[in-house]
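Chains as they are written, first to last, in the numbering used here: chain A, 1 to 393; chain B, 1 to 288.
Where a beta carbon is used, it is the ideal one built from N, C-alpha and C, also for glycine.
Since the model is a prediction, treat every value here as computed from it, not as a measurement.
Here's the structure, in C-alpha cells; my notes come after.
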Amino acid sequence: MIESGKFGKYGGIFAPELLIPALEELESAFLKYKDDKKFNQELEFYLKEFAGRPTNLYLAKNLSQKLGCRIYLKREDMLHTGAHKINNTLGQGLMAKYMGKKRLIAETGAGQHGIATAAVGALFGMPTDVYMGMEDVKRQRLNVFRMEISGAKVIPVETGSKTLKDAINESMRDWMTNVQDTHYLIGSTMGFHPYPTMVKHFQTVIGKETKNQILEKEKKLPDVIIACVGGGSNAIGIFSEFIPDSEVELIGVEGGGHGIKSGNHGATLCAGSEGVLHGSLSYVLQDTDGQICEAHSVSAGLDYPGVGPEHAYLHTQRRARYVNVTDSQALRGFQLLSCYEGIMPALESAHAIAYMEKYAQKPENKGKTIVVNLSGRGDKDMFLAASILGVEV
Amino acid sequence: MNFKKQKHSPGKIHSSNTLETYDEMFKRLKKNKKGAFVPFIVAGDPEFETSLQIVKTLLESGADALEIGFAFSDPVADGPTIQESDLRALDSGMNTQKSFEFIKRIREFTSIPIGLLVYYNLIYKKGVDEFYKEAKRCGVTSILSADLPPEEAEEALQAAKKYNINQIFLVAHTTQKNRLDKICQMASGFIYLVSVMGVTGARKEVQNSTVDLIKRIRNHSDLPVMVGFGISKSSHVKDVIQAGAQGAIVGSAIIEIISKNHDKPELMLQKIKKETSKMKEATLIEVI
C-alpha cells in the first residue's frame with residue numbers, strides 16, 4: 001500500500017492477506033481517479049443530473065423562530081434514493097467501472113445503502129448483490145423490493161446476529177472469494193484503508209457546498225454543525241471541510257437506543273472502547289475480552305457496534321464532540337421537524353434534529369447559527385414511526 | 001493409490017517438559033518421509049471437556065501439530081462452518097481466559113507444536129504484550145491472526161520475538177512477488193498458504209494454482225509451507241504434500257463432523273478418528 005490509512009493511530013489495514021492485492025489496486029485507482037479530470041467531470045455529471053446535486057441549504061424559519069437560533073438544514077434528504085448515500089455509491093460505482101470491475105456487492109442495514117448501490121448498478125449496467133441481515137430483510141420488506149426492482153439480488157444473511165455487522169462479514173467473505181472481478185462498495189467511512197478515506201472523499205461534496213452556501217447566505221461560517229453518526233459518512237462529509245476552521249463546533253450524534261445505561265444502544269464513541277473491527281482500529285462496542293456486542297437503535301443506520309476511524313481520531317483530539325440521543329428523543333425530533341417545517345427526516349437524521357433542539361435551548365447558544373445535516377428523508381421510516389406512535393396505517 | 005490401513009498406537013500421547021518446535025517436527029517427519037497433518041478446531045466447541053476429548057482423538061489419529069482457534073464473534077476470514085463453531089464455543093461460555101486454560105490442559109498430555117488462530121481484536125483488547133506472555137506461559141508455539149497483515153504486525157512481531165513465539169503469516173494466490181519476499185522475511189515457523197480464493201470451508205478439489213504457489217514459495221524461502229483453507233479430504237492432503245508442501249492444515253472437514261454430531265459425542269469422536277486417521281495416512285510422501 002502507498003499510504004497507511006491512519007488517522008492518528010486509528011484506521012489501518014486489518015485485512016486478511018487475500019484482500020491485500022485488491023486493496024492495493026483500489027488504493028492506486030482511487031489516488032489516480034480522485035484527481036482525474038475526465039473521471040471528475042463524469043462524476044459531477046451524474047451527481048447533478050442523476051442524483052440531483054447541489055442540495056439546498058435551507059433556513060428552517062419556523063424552528064429558528066421557535067428556538068431563537070438561525071437553523072439551516074443541509075437537504076441531503078432531497079437526493080435521489082433518499083439520502084446522502086448516493087454521493088458515495090456514484091463515486092465508487094463509477095470508479096469500479098473505470099477499473100473494469102464487472103460486479104458490485106454491498107452490505108446494507110435498513111436498505112438505504114443497498115438501494116443507492118442497486119440504483120448505481122442499474123445505471124452502470126453492473127450486476128449487484130446486496131447482503132442484508134435476515135432480521136433487516138423481515139423488517140424492511142419494502143426496501144428489499146426497491147432493490148430487487150432495480151435488478152439487484154438481495155442475499156439474506158442468516159449468520160450471527162443477522163443484522164448489519166453480519167451483512168458486512170458476509171460481504172467481506174464474498175469479496176475474498178470473487179475479488180478479481182468484483183468491487184465491494186462499502187457504504188460508510190469504515191473498513192480497511194482506503195475505504196474510510198475514499199468514502200470521505202466522495203462525501204466531502206456535502207461540506208464543500210455547505211461552506212459556499214452558508215458564506216453566501218450569512219457572510220460568515222456557522223457556529224456549529226450537527227450530524228448523526230452511525231458509521232459516520234454523512235458526518236465526516238459535512239465536517240471535513242470545516243475541520244481547519246477551529247471556531248466551528250462539530251457535533252456528532254450517536255444512537256442512544258434505550259439509553260447508555262441500558263446497554264442497548266449504538267453509541268460507540270460515547271460508550272465504547274478501542275478495538276479492531278471490520279478492518280480498522282477505531283472504537284467498538286465490545287465486552288472485556290473483545291467480543292463484539294450487538295448494537296441497538298431505533299434507526300437501522302445507527303445500529304452498528306463500530307464507527308469510522310476518523311471519528312475516533314476527531315473524538316480523541318477533541319476536534320469534534322460526540323453525544324447521543326435516545327430512541328424516544330429521536331422520535332420527538334422526527335415529529336418536531338415534520339410539524340414545524342413540513343419535512344419528515346429519516347430516523348437517523350432525526351437524532352441530529354433532536355440534539356439540535358437540546359443545543360438551541362441552552363441559554364449560552366441563543367442566536368447561534370446552526371447547520372444540521374439532514375442526511376436522509378423519512379419515507380422509509382413511516383411504518384415504524386407510526387407503529388411506535390401507536391397509529392395504525 | 002490405496003493405502004493399507006495402518007493401526008495407530010494410542011501411545012502417541014506423551015507428556016514432556018520440553019516442547020517440540022516446528023523445526024524439530026518437520027525434521028522428524030522428513031526422516032520418516034512424511035508431511036505434517038495439522039488439524040484445526042476451535043477451543044471449547046461444543047464445550048470445554050468434549051473439545052478436550054476431540055483433541056485427544058486427533059492426537060490418537062496422528063496429528064503432528066495442533067491449530068487451536070480462539071472463538072470470536074465476527075470471524076470474517078472464516079466460512080459458515082467455522083463461524084458456527086466459534087458461536088457454539090462462545091455460547092458454551094468460552095472466553096479468552098478459558099481458551100488459554102484449554103491450551104494448558106492440552107499441554108498436560110502432549111508436547112507437539114500448538115499454534116493459535118486468533119482474530120486480532122482479542123489480542124489487542126488484552127494488550128499485545130500481555131497476550132503473547134500468557135500464550136508463552138500456556139505453552140503456545142505460534143500465533144496467527146487472520147486479520148493482521150504485515151503492515152499492522154509490528155507490535156505483534158515484537159511480542160512474538162520477546163516471548164519466543166513463532167508469528168505465522170498467510171500467503172495467498174494473490175500475493176505478489178515483492179510481498180512474498182517481505183512476508184518470508186518476517187515469518188518464522190512456517191508459511192501458511194491459503195489454498196483457495198475465499199474463506200475457510202470444505203472444497204471439492206485442490207486448485208492447480210495452489211500447486212504452483214507451493215512451488216513458488218519453495219523457490220523463495222527455506223521456511224516450510226503448510227497449506228490450509230479448503231483442505232477437506234485425504235486426497236487434498238496427499239495432493240498438496242506431493243506438490244511439495246510440508247504439511248496440511250485441516251479445519252472445516254473436522255468441524256463439520258462436530259457440527260453434525262455434537263449431541264452424540266461417542267459417534268462424533270469415532271467419526272473424527274476415522275476421517276483424520278485417513279488424512280494422516282495421506283501424508284506419506286510417495287517417491288515418484
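Confirm, please, whether the CB-CB distance from B:Val211 to B:His296 is below 8 Å. Because chain B spans 1 through 288 in this model, residue 296 of chain B falls outside it and cannot be assessed.
Would A:Arg173 count as contacting chain B if we go by Cβ distances under 8 Å? In the first sequence, the residue the question calls residue 173 of chain A occupies position 173. A Cβ of chain B is located within less than 8 Å of the beta carbon of A:Arg173.
Would you mind giving the Cβ-Cβ distance between A:His296 and A:Gly266, rounded to the nearest angstrom? I have them listed as a contact below 8 Å. In the first sequence, residue 296 of chain A corresponds to position 296, counting from 1. In the first sequence, residue 266 of chain A corresponds to position 266, counting from 1. Contact annotation, A:His296 with A:Gly266: C-beta distance approximately 6 Å; criterion of less than 8 Å satisfied.
Taking the DSSP output, what are the residues bridged to B:Leu117? Here residue 117 of chain B refers to the residue found at position 117 of the second sequence. Note: B:Leu117 sits in a beta bridge opposite B:Gly69, B:Leu144.
Could you please give the first and the last residue of the uninterrupted beta strand (DSSP E) stretch that includes B:Phe40? Counting from one through the second sequence, the residue named residue 40 of chain B turns up at place 40. For B:Phe40, the enclosing beta strand (DSSP E) starts and ends at 36-42.
Interface partners of A:Lys165 on chain B, CB under 8 Å: Position 165 of the first sequence, counting from 1, holds the residue named residue 165 of chain A. Within 8 Å Cβ-Cβ: Asp74.
What do you reckon, are the CB atoms on A:Ala141 and A:Leu374 nearer than 8 Å? For the purposes of this step, residue 141 of chain A is taken as the residue at position 141 of the first sequence. For the purposes of this step, residue 374 of chain A is taken as the residue at position 374 of the first sequence. Reading off the sequence, residue 141 of chain A comes out as Arg, not Ala. No, Cβ-Cβ distance for A:Arg141 and A:Leu374 is not below 8 Å.
Mapping the DSSP letters down to three states, classify B:Glu20 as helix, strand or coil. For the purposes of this step, residue 20 of chain B is identified with residue 20 of the second sequence, where counting begins at 1. DSSP places B:Glu20 outside both helix and strand once states are collapsed to three, so it counts as coil.
Tell me the DSSP secondary structure of A:Ile105 in three-state form. Here residue 105 of chain A refers to the residue found at position 105 of the first sequence. Correct three-state label for A:Ile105: strand.
Quick check: what's the CA-CA separation for B:Arg218 versus B:Val225? Against the second sequence, residue 218 of chain B aligns to sequence position 218. Against the second sequence, residue 225 of chain B aligns to sequence position 225. If I take the Cα positions, the gap works out to 8 Å.
DSSP three-state assignment for B:Arg107, whether helix, strand or coil: Here residue 107 of chain B refers to the residue found at position 107 when the second sequence is read from its first residue. Of the three classes helix, strand and coil, the one that applies to B:Arg107 here is helix, per DSSP.
For A:Ala119 and A:Met147, the rounded distance between their alpha carbons: Counted from its first residue, the first sequence places residue 147 of chain A at position 147. Counted from its first residue, the first sequence places residue 119 of chain A at position 119. Here the alpha carbons of A:Ala119 and A:Met147 stand approximately 8 Å from one another.
Please classify B:Asn32: does DSSP put it in a helix, a strand, or coil? Position 32 of the second sequence holds residue 32 of chain B. DSSP places B:Asn32 in coil when its eight states are reduced to three.
Nearest to A:Ile168 (by Cα), restricted to the options A:His315, A:Gly279, A:Gly275, A:His193: The sequence position of residue 168 of chain A within the first sequence is 168, counting from 1. Of A:His315, A:Gly279, A:Gly275, A:His193, the residue nearest in Cα terms is A:Gly279.
Starting from the beta carbon of B:Asn121, find every residue of chain C whose beta carbon is closer than 8 Å, and list them in chain order. No chain C is part of this structure, whose protein chains are labelled A and B.
Beta strand (DSSP E) containing A:Gly275: first to last residue? Translated into the one-based positions of the first sequence, residue 275 of chain A becomes position 275. Taken as a continuous stretch (DSSP letters only), the beta strand (DSSP E) holding A:Gly275 covers 273-277.
Label A:Phe242 either buried or exposed according to how many other C-beta atoms from any shown protein chain fall within 10 Å of its C-beta, with 16 as the threshold for buried. Numbered from its first residue, the first sequence carries residue 242 of chain A at position 242. A:Phe242 should be labelled buried.
Keeping to the same chain, check which residues put their C-beta closer than 7 Å to that of B:Tyr119; ignore five residues upstream and five downstream. For the purposes of this step, residue 119 of chain B is taken as residue 119 along the second sequence, with counting starting at 1. Cβ within range, chain order: Phe72, Pro75, Ser145, Ala146, Asp147.
What are the complete beta strand (DSSP E) segments, minimum 3 residues, inside the stretch 210-281 of chain B? As summarised for the stretch 210-281 of chain B, the continuous beta strand (DSSP E) elements at least 3 residues long and confined to that stretch are 225-228, 247-250, given in chain order.
Under 8 Å Cβ-Cβ, which residues of chain B neighbour A:Phe14? Counting from 1 along the first sequence, the entry for residue 14 of chain A is found at position 14. For A:Phe14, the residues of chain B that pass the 8 Å Cβ criterion are Tyr120, Asp147, Leu148, Pro149, Glu152, in the order they occur in the chain.
Reference A:Gln112; option with closest CA among A:Gly308, A:Gly376, A:Gly121: Taking the first sequence and counting its residues from 1, the one referred to as residue 112 of chain A is at position 112. Nearest option by C-alpha distance: A:Gly376.
DSSP state of A:Lys362, grouped into three classes? To locate residue 362 of chain A, count along the first sequence from 1; it is residue 362. If DSSP states are grouped into helix, strand and coil, A:Lys362 belongs with coil.
Anticipated Cβ contact below 8 Å, A:Tyr131 with A:Tyr33, distance rounded: Translated into positions along the first sequence, residue 131 of chain A becomes position 131. Translated into positions along the first sequence, residue 33 of chain A becomes position 33. About 26 Å separates the beta carbons of A:Tyr131 and A:Tyr33, which is beyond the 8 Å limit, so they are not a contact pair.
DSSP state of A:Glu294 mapped onto helix, strand, coil: Start at 1 with the first residue of the first sequence, and residue 294 of chain A comes out as number 294. Here A:Glu294 carries a coil assignment [DSSP, helix/strand/coil].
For B:Val55, which residues in chain A fall below 8 Å Cβ to Cβ? For this step, residue 55 of chain B is matched to residue 55 along the second sequence. Within chain A, no C-beta atom comes less than 8 Å from the C-beta of B:Val55; the nearest is roughly 22 Å away.
With DSSP as the reference, label B:Lys56 as helix, strand or coil. Here residue 56 of chain B corresponds to residue number 56 of the second sequence, with the count starting at 1. B:Lys56 falls in the helix class under three-state DSSP.
For A:Leu331, go through chain B and note every residue whose CB falls closer than 7 Å to its CB, in chain order. In the first sequence, counting from the first residue as 1, residue 331 of chain A sits at position 331. Neighbours of A:Leu331 on chain B: none; closest Cβ ~30 Å, over 7 Å.
My output table needs one value for A:Leu18: the three-state DSSP class, helix, strand or coil. For the purposes of this step, residue 18 of chain A is taken as residue 18 along the first sequence, with counting starting at 1. Helix at A:Leu18.
Does the stretch 107-116 of chain B touch the stretch 54-73 of chain B, meaning 3 or more C-beta pairs lie closer than 8 Å? Between the stretch 54-73 of chain B and the stretch 107-116 of chain B there are three or more C-beta pairs closer than 8 Å, enough to call the two in contact.
Are there 16 or more other CB atoms within 10 angstroms of the CB of A:Ala300, so buried, or fewer, so exposed? Working through the first sequence from its first residue, we reach residue 300 of chain A at position 300. A:Ala300 should be labelled buried.
Option nearest A:Leu269 by Cα separation, candidates A:Asn234, A:Tyr46, A:Gly230, A:Ser262: As a position in the first sequence, residue 269 of chain A is number 269, starting the count at 1. With distances taken between CA atoms, A:Leu269 lies nearest to A:Gly230 out of A:Asn234, A:Tyr46, A:Gly230, A:Ser262.
Look up A:Pro345 in the DSSP assignment and give the residues it is bridged to. Counting from one through the first sequence, the residue named residue 345 of chain A turns up at place 345. Beta-bridge pairing links A:Pro345 to A:Arg377.
Top-ranked residue by Cα proximity to B:Tyr22, from B:Gln167, B:Gly79, B:Gln176: Taking the first residue of the second sequence as 1, we reach residue 22 of chain B at position 22. Among B:Gln167, B:Gly79, B:Gln176, the Cα nearest to that of B:Tyr22 is on B:Gln167.
Out of A:Thr81, A:Val284, A:Gly93, point me to the one whose CA is closest to A:Glu254's CA. On the first sequence, position 254 is the one that residue 254 of chain A refers to. Closest option to A:Glu254, Cα to Cα, is A:Val284.
Test: A:Ile20 CB closer than 8 Å to a CB of chain B: Within the first sequence, numbered from 1, the residue matching residue 20 of chain A stands at position 20. Output row for A:Ile20: interface = yes.
Since I believe A:Gly8 is in contact with A:Thr316 (beta carbons under 8 Å), could you give me their beta-carbon distance rounded to a whole number of angstroms? Mapped onto the first sequence, residue 316 of chain A falls at position 316. Mapped onto the first sequence, residue 8 of chain A falls at position 8. Their Cβ separation, rounded to whole angstroms, is 7 Å, which keeps A:Thr316 and A:Gly8 in contact under 8 Å.
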